[in-house]
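J.: I'd like to ask you about the structure that follows.
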Amino acid sequence: MVKVIIDDIEVEVEPGTTILNAARMIGGDVVPPAMCYYSKLQGSGGKCRTCLVEVAAGSAADPRPMPKLVASCSTPVMDGMIVKNKTSERVYDNRAAVTEFLLINHPLDCPICDQAGECHLQDLGFEHGKEGTRYEEKRRTFDPIDIGDKIKLHMNRCILCYRCVYVANQLTDKRVHGVMHRGDHAEISTYIEQAIDNDFSGNVIDVCPVGALTDKTFRFKSRVWFLKPMEASCECTKCAGKAVVWMFGDEIYRVTGRKDRYGEIEDIDGKTAWICNECRFDKKDKSMWNIAGPRVINRHSVISQNQYLVDERIESKKLTGK
Amino acid sequence: MGRKLLLEHANVPGIETFEVYRRNGGYRSVEKALKTMSPQNVVEEVQASGLRGRGGAGFPTGMKWSFLAKPEGVPRYLLCNADESEPGTFKDRYLMEKIPHLLIEGMITSSYALGCNQSYIYIRGEYMWVLEIVEKAIAEAYANGFLGKNILGSGYDLDLAICPGGGAYICGEETALIESLEGKRGNPRIKPPFPAVKGLWGCPTVVNNVESIAAVVPIVNDGGAEYAKIGIGKSTGTKLISACGNLVKPGVYEIELGLSVEEFIYSDEWCGGIANGKKIKACVPGGSSVPILPANLITKTAEGTDRLMTYESLAEGGFASGSMLGSGGFIVFDEDQCIVRNTWNFARFYAHESCGQCSPCREGTGWMEKVLRRLEYGQGHMHDIDLLAEINKKIEGNTICPLGDAAAWPVAAAIRHFREEFEWHVTHPDEAVKRNFGIASSHMPLV
Ligand SMILES: Cc1cc2nc3c(=O)[nH]c(=O)nc-3n(C[C@H](O)[C@H](O)[C@H](O)COP(=O)(O)O)c2cc1C
Ligand code: SF4
Ligand code: SF4
Ligand code: FES
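First to last, the sequence lines map onto chains W and X. At position 207 of the first sequence the residue is numbered 206 (numbering that gives the first Met the number 0), and the sequence of numbers has no breaks. At position 342 of the second sequence the residue is numbered 341 (numbering that gives the first Met the number 0), and the sequence of numbers has no breaks.
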């Protein structure tokens, strides 16, 4: 085990753990925001640079500070390392700059975007953004396209985190989804707008941190904060059938995977509970699901501002089984 | 006249053929290394030579080689970086075009030193005709027993292949090069792990520039100590400089490190001075990625000492008043050239070539390009100049690979040294459009 101090809090972790994951073990606001890293997707991270932190001491053996800020999601901790996240001015400053970079070409159409309310970029902007913009140029624009009949790609909103690419590579068999072109003209593309024809392709929607990939069976039906997230399960031959159904009255408006506070699909019985397309897109009838009860949404989001904030009771009920 | 170690025979008619090259002493280093030296001996000679990577970063080659991991039963790879795409740099092309066997000889000797049995030359896609020249030379080397199985009866096997890129500058970054060679999109990898531990197909790999590999030939022939006698301090040996811009005699020159910048620019033996009797205004001494120097800091440092063509001297003064030797792309601007336009041109290149993986570089390079274009075309504001400085500060150091820094430094330096010219573009929008280049009101003292 190695010891690392993050924002004056000491934690012991396995060697090889990244700074970000060590911070997640502490929890709270010591955890840097992560827009591209996704612990369930191998190789992800390092790209968005929102998770930059300052390393004030490299290790016990070599306590020199690191000259550059480092991406906490892809930098392993060393024994005796001292990391500054929220206690560093420099981190705040540069994270604000990264936020600005991510927003200059972003359409800021949150009022009509389905991701609003559960968008990581919105959260980031809220915490690190400035009022107004210094960007006077024309924003980059693309036409929205369909990736098959169930998924919409709004490239304007994409932050090129590559998560969907890793999903396509790691969860689906044929590699038909990737990045074309370079620089700020790079875009996510499927092979000539082809559907990603695979039972698990819908997971690209769940991993997308912004509203670039959205569920066509849900688009524009409702704002997420008007819906009640319910933990539900079903007998499914393709996936574990453990999902969250988002209800309005008695109707299921959409189905998603079960995400933790970092927006990542939870592990259930030691396996990441990705859901299949049938569960996601086709099971919109209450009778198809076993609804266990309200889902705890414990990530920072407007959704958690609604009636489910009384969740501690439910949590403890779930834990004790009573 | 300085010593020529690489280009000595470059103008011998027929030197691109095996026969003529061999007759002029070619492939001696392979014979010497394979027959009389252990791989470790070769590495030691390269360490003794003080050779520093000629691809831009100037990292000591011998040290890089000594870092190569050598796990049992795992192949190791040597990759030659011939992706040369930095604006202003065209020395590797010249070397490969003129004297391709020198590179192949260097590849064989270096591969032997590193214990590689399969090596690759990754060549820029736009150099298709050069690829053909090198390919022909490789075939000749095979036919003459210098490549393939049991080279010169030594029991050492080596296969050498050449692979063209698809036209992306970023594939010159060593880990992007490896990705591209593996058949993937050329995105730089996140380091660590470094290629010396996990490179091509997950195996230990060394990536070296064309010129670095070619320099191994004279080092093995004459000994590392002999090579180290040339040059000053930690800048040893000879260096190819591709000189371009407003010079009387632009071209590729092999200089001994330590030559004075003044002599290089003005002496008839080298560039012959500024063309058309004009004065020098600025110089980018090491390829588009390095800071630009204004006239008063080119031949002299801020302290007033002579500026020399060495890694150290060109960097003297740090970012405030120095630059870098970089890849040796020496670009000279005369008094009529517009720094704003040139800076925009570089920015346009980096915005086009950023791989787009990390947000600061992807968005920042595009943003700087747009602001600079507005300034150049007389649509800028005073606050744009500070904005540019702000943007490049936020790209620098915050990215995955050094392309972000390379895009930021030229803009920062141009504003640092030629701020008045940027301001002139804002205050004289009409004239700026007519491209009067701002020289009329630039107070920069001209040499
Ligand atoms: C964006 C970028 C482009 C590069 N392009 C080249 C290139 O075209 N040729 C080259 O030799 N090195 C290039 N480099 C440097 C290589 O990453 C690497 O450092 C070099 O090939 C190492 O060889 P050396 O040690 O012999 O110099 C580039 C680096 C970056 C960041
Ligand atoms: S579409 Fe979404 S998941 Fe895919 S790269 Fe863009 S932002 Fe990331
Ligand atoms: S710095 Fe630029 S070129 Fe390098 S990895 Fe990041 S986006 Fe790509
Ligand atoms: S989360 Fe670390 S760089 Fe994106």
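Glycine is no exception: its CB is placed at the ideal position from the N, C-alpha and C atoms.
So, are the CB atoms of ALA136 of chain X and HIS100 of chain X less than 7 Å apart?
T.: Translated into the one-based positions of the second sequence, residue 136 of chain X becomes position 137. Translated into the one-based positions of the second sequence, residue 100 of chain X becomes position 101. Yes, they are a contact pair.
J.: From PHE329 of chain X to VAL410 of chain X, what does the alpha carbon distance come to, in whole angstroms?
T.: If you number the second sequence from 1, residue 329 of chain X lands on position 330. If you number the second sequence from 1, residue 410 of chain X lands on position 411. Distance between the alpha carbons of PHE329 of chain X and VAL410 of chain X is about 17 Å.
J.: Could you tell me how far apart the beta carbons of ASP183 of chain W and ASN104 of chain W are, in whole angstroms, since I believe they sit closer than 8 Å?
T.: Residue mapping note: residue 183 of chain W aligns to position 184 of the first sequence, counting from 1. Residue mapping note: residue 104 of chain W aligns to position 105 of the first sequence, counting from 1. Yes, ASP183 of chain W and ASN104 of chain W are in contact; Cβ-Cβ is about 7 Å, under 8 Å.
J.: Among the residues of its own chain, which have a CB less than 6 Å from the CB of LYS97 of chain X, if the five just before and after it don't count?
T.: To locate residue 97 of chain X, count along the second sequence from 1; it is residue 98. These residues qualify, in order along the chain: ALA9.
J.: Does DSSP classify ALA33 of chain W as helix, strand or coil?
T.: Locating residue 33 of chain W in the first sequence gives position 34, counting from the first residue. It is coil, neither helix nor strand.
J.: Mind checking who GLY147 of chain X pairs with in its DSSP beta bridge?
T.: Your numbering for residue 147 of chain X matches position 148 in the second sequence. Paired residues: X:LEU157.
J.: Checking the sheet assignment: what are the DSSP bridge partners for ARG347 of chain X?
T.: For the purposes of this step, residue 347 of chain X is taken as the residue at position 348 of the second sequence. Bridge partners of ARG347 of chain X: none, in fact.
J.: Let me have the residue list for ligand 4: C-beta closer than 6 Å to any non-hydrogen atom, ordered along the chain.
T.: For ligand 4, the selected residues are W:ALA33, W:MET34, W:CYS35, W:TYR36, W:GLY44, W:GLY45, W:LYS46, W:CYS47, W:ARG48, W:THR49, W:CYS50, W:ALA70 and W:CYS72.
J.: Residues in the same chain with beta-carbon distance under 7 Å from ALA413 of chain X, minus the five sequence neighbours each way, listed in chain order, please.
T.: Your numbering for residue 413 of chain X matches position 414 in the second sequence. Within the same chain, ALA413 of chain X has close Cβ partners ILE291, ILE338 and THR342.
J.: Are THR140 of chain W and ASN155 of chain W closer than 7 Å when you measure CB to CB?
T.: Within the first sequence, the letter at position 141 stands for residue 140 of chain W. Within the first sequence, the letter at position 156 stands for residue 155 of chain W. Taking 7 Å as the Cβ cut-off, THR140 of chain W and ASN155 of chain W qualify as a contacting pair.
J.: Give me the subset of the segment 395-425 of chain X whose CB atoms are less than 8 Å from a CB atom of chain W, sorted by chain position.
T.: Cβ contacts with chain W: GLY396, ASN397, THR398 and ILE399.
J.: Cα separation between VAL73 of chain X and CYS202 of chain X?
T.: What you label residue 73 of chain X is simply residue 74 of the second sequence in a count that begins at 1. What you label residue 202 of chain X is simply residue 203 of the second sequence in a count that begins at 1. So the two alpha carbons sit approximately 7 Å from each other.
J.: Assuming CYS235 of chain W and CYS275 of chain W are in contact, meaning their beta carbons sit under 8 Å apart, how far apart are those beta carbons, in whole angstroms?
T.: If you number the first sequence from 1, residue 235 of chain W lands on position 236. If you number the first sequence from 1, residue 275 of chain W lands on position 276. With a Cβ gap of about 6 Å, CYS235 of chain W and CYS275 of chain W count as contacting.
J.: Using beta carbons (cut-off 7 Å, strictly below), is ARG372 of chain X in contact with chain W?
T.: The residue labelled residue 372 of chain X in the question sits at position 373 within the second sequence. Not one chain W Cβ lies under 7 Å of ARG372 of chain X.
J.: Please work out which residues of its chain come closer than 8 Å, Cβ to Cβ, to TYR126 of chain X, disregarding the five sequence neighbours upstream and downstream, and give them in chain order.
T.: Locating residue 126 of chain X in the second sequence gives position 127, counting from the first residue. Within the same chain, TYR126 of chain X has close Cβ partners ALA81, GLU83, ARG92, MET95 and PRO163.
J.: Would you say LEU101 of chain W faces chain X, with C-beta separation under 7 Å as the test?
T.: Residue 101 of chain W sits at position 102 when you count from the first residue of the first sequence. At least one chain X Cβ lies under 7 Å of LEU101 of chain W.
J.: Is it buried or exposed for VAL432 of chain X, if we count other Cβ within 10 angstroms and need 16 for buried?
T.: Numbered from its first residue, the second sequence carries residue 432 of chain X at position 433. That one is exposed.
J.: Quick one: Cα of VAL45 of chain X to Cα of SER288 of chain X, how far?
T.: Taking the second sequence and counting its residues from 1, one reaches residue 45 of chain X at position 46. Taking the second sequence and counting its residues from 1, one reaches residue 288 of chain X at position 289. Cα to Cα, VAL45 of chain X sits roughly 27 Å from SER288 of chain X.
J.: Along the segment 354-371 of chain X, what residues have a CB closer than 7 Å to any CB found in chain W?
T.: If the cut-off is 7 Å between Cβ atoms, the segment 354-371 of chain X has CYS354, GLY355, GLN356, CYS357, SER358, PRO359, ARG361, GLU362, GLY363, THR364, GLY365, TRP366 and LYS369 near chain W.
J.: Any beta carbon from chain W within less than 7 Å of LEU350 of chain X's own beta carbon?
T.: In the second sequence, residue 350 of chain X corresponds to position 351, counting from 1. Checking the sequence, you will find Ala at residue 350 of chain X rather than Leu. With 7 Å as the cut-off, ALA350 of chain X counts as an interface residue toward chain W.
J.: Assuming TRP366 of chain X and ILE390 of chain X form a contact by the criterion Cβ under 8 Å, report the distance between their Cβ atoms to the nearest whole angstrom.
T.: In the second sequence, residue 366 of chain X corresponds to position 367, counting from 1. In the second sequence, residue 390 of chain X corresponds to position 391, counting from 1. Indeed, because the Cβ distance is near 6 Å, the residues count as touching under 8 Å.
J.: Which residues of chain W have a Cβ atom closer than 8 Å to the Cβ of ARG184 of chain X, listed in chain order?
T.: On the second sequence, position 185 is the one that residue 184 of chain X refers to. Those within 8 Å of ARG184 of chain X in chain W are GLY177 and VAL178.
J.: Should CYS357 of chain X be listed as close to ligand 1, given that the test is whether its C-beta is under 6 Å from any heavy atom?
T.: By 1-based counting over the second sequence, the position of residue 357 of chain X is 358. The answer is no for CYS357 of chain X.
J.: Check distances from the C-beta atoms of the segment 181-206 of chain X to those of chain W and list, in chain order, the residues that come in under 8 Å.
T.: Of all residues in the segment 181-206 of chain X, ARG184 and ILE189 have a Cβ within less than 8 Å of some Cβ in chain W.
J.: Alpha carbon to alpha carbon, how far is ARG253 of chain W from GLN114 of chain W? Give it in angstroms, no decimals.
T.: On the first sequence, position 115 is the one that residue 114 of chain W refers to. On the first sequence, position 254 is the one that residue 253 of chain W refers to. GLN114 of chain W and ARG253 of chain W: Cα-Cα distance of roughly 13 Å.
J.: Is the shortest distance between the beta-carbon of ARG63 of chain W and the beta-carbons of chain X less than 7 Å?
T.: In the first sequence, residue 63 of chain W corresponds to position 64, counting from 1. No, ARG63 of chain W lies away from the interface with chain X (no Cβ there is under 7 Å from its Cβ).
J.: Please state if the CB of ILE122 of chain X and the CB of ILE161 of chain X are separated by a distance shorter than 7 Å.
T.: If you number the second sequence from 1, residue 161 of chain X lands on position 162. If you number the second sequence from 1, residue 122 of chain X lands on position 123. In contact: ILE161 of chain X and ILE122 of chain X (Cβ atoms closer than 7 Å).
J.: Which residue's Cα is closest to the Cα of ASP198 of chain W: W:GLU277, W:ARG94 and W:TYR37?
T.: Along the first sequence, read from residue 1 onward, the residue named residue 198 of chain W stands at position 199. Comparing Cα-Cα distances from ASP198 of chain W to each of W:GLU277, W:ARG94 and W:TYR37, the minimum goes to W:GLU277.
J.: Give the single residue among X:PHE345, X:GLY13 and X:PHE417 whose Cα lies nearest to the Cα of GLY87 of chain X.
T.: Indexing the second sequence from 1 puts residue 87 of chain X at position 88. Answer by Cα proximity: X:PHE345.
J.: Determine the DSSP secondary structure at PHE318 of chain X, reduced to helix, strand or coil.
T.: Counting from one through the second sequence, the residue named residue 318 of chain X turns up at place 319. Of the three classes helix, strand and coil, the one that applies to PHE318 of chain X here is helix, per DSSP.
J.: THR309 of chain X: buried (16+ other C-beta within 10 angstroms of its C-beta) or exposed?
T.: Residue numbering aside, residue 309 of chain X sits at position 310 when the second sequence is read from its first letter. Under this definition THR309 of chain X is a buried residue.
J.: Specify whether the segment 357-377 of chain X and the segment 249-257 of chain X touch according to this definition: at least 3 beta carbon pairs, one from each stretch, less than 8 Å apart.
T.: Judged by Cβ distances under 8 Å, the segment 357-377 of chain X makes no contact with the segment 249-257 of chain X, as fewer than three pairs qualify.
J.: Go through its chain and collect everything with a Cβ distance to CYS160 of chain W's Cβ below 7 Å, but skip five positions before and after it.
T.: For this step, residue 160 of chain W is matched to residue 161 along the first sequence. Within the same chain, CYS160 of chain W has close Cβ partners MET34, CYS35, LYS46, CYS47 and PRO208.
J.: Taking 7 Å as the CB-CB cut-off, is GLN306 of chain W touching chain X?
T.: The residue you call residue 306 of chain W lines up with position 307 of the first sequence. Confidence is the limiting factor: at GLN306 of chain W the pLDDT is only 46, short of 50, which leaves the residue's position unreliable, though a coordinate-based value still follows. With 7 Å as the cut-off, GLN306 of chain W does not count as an interface residue toward chain X.
J.: Measuring CA to CA, which of X:GLU352, X:PHE89, X:HIS380 and X:VAL129 is closest to GLY244 of chain X?
T.: For this step, residue 244 of chain X is matched to residue 245 along the second sequence. Of the candidates X:GLU352, X:PHE89, X:HIS380 and X:VAL129, the one whose C-alpha sits nearest the C-alpha of GLY244 of chain X is X:PHE89.
J.: Output, in chain order, the set of chain W residues within a Cβ distance shorter than 8 Å of LEU386 of chain X.
T.: To locate residue 386 of chain X, count along the second sequence from 1; it is residue 387. Those are ARG133, listed as they occur along chain W.
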